[in-house]
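Colleague: Could you have a look at this structure, given as structure tokens, before my questions?
Protein chains in written order, with this note's numbering: chain A, 1 to 95; chain B, 101 to 195.
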């Protein structure tokens, strides 16, 4: 199994209303020293071993990100059999 | 300046409609081997040096995450003066 972490972030200069609203709300709660706050997307994709990083890039370009206003960064993690088993056990324990 | 990266993710068992929709759309586009897809929030927070990780945790609990249905993970990066200058130059070049 492979795990991809994809960070989809607004391009420089694109307004981020959610981030701006959160920043104002933090100001109103009395937090000082916040210089910048952006809220973007964090996608976790679990795939079979046949899915390559190149395919994930294509998925981002076609569907997961909007290339006009968003950039994306893909991080790949290949899970070992032991890690997969641990993950499985954890998921079962959580249920 | 400090930079915090905050990952706000749905708790185990909480339905993620955006992720589910994207997964179906990828299926329809002909991608096979997608086992799981979650879309969560990735928050980048730039603050002055006075803002501590403890304060950021409090901000998450109060405002940035919903502790009933979401978990959060905070990563702290302290930027050196040189990195800050590089960031500044980059931001100016992008404008």
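For every residue, glycine included, the Cβ atom is placed at its ideal position computed from N, Cα and C.
Counting only Cβ pairs nearer than 8 Å, list the residues of chain A close to residue 147(B).
Modeller: 33, 34, 35
Colleague: Using a C-beta cutoff of 8 Å, does residue 155(B) count as contacting chain A?
Modeller: Residue 155(B) counts as touching chain A.
Colleague: In three-state DSSP terms, what is residue 140(B)?
Modeller: strand
Colleague: Is the stretch 102-111 of chain B touching the stretch 136-151 of chain B in the sense that three or more CB pairs, one from each, lie closer than 8 Å?
Modeller: yes
Colleague: Between the Cα of residue 74(A) and those of 82(A), 80(A), 81(A), 64(A), spot the shortest distance and give me the residue it belongs to.
Modeller: 64(A)
Colleague: Tell me which residue opens and which closes the alpha helix (DSSP H) that residue 11(A) is part of.
Modeller: Note, residue 11(A): premise wrong, no alpha helix (DSSP H); not H, not E.
Colleague: In the DSSP assignment, what residue or residues form a beta bridge with residue 70(A)?
Modeller: 10(A)
Colleague: Whose Cβ in chain A lies nearer than 7 Å to the Cβ of residue 164(B)?
Modeller: Simply 22.
Colleague: With 16 other CB atoms within 10 Å as the buried threshold, where does residue 15(A) fall?
Modeller: exposed
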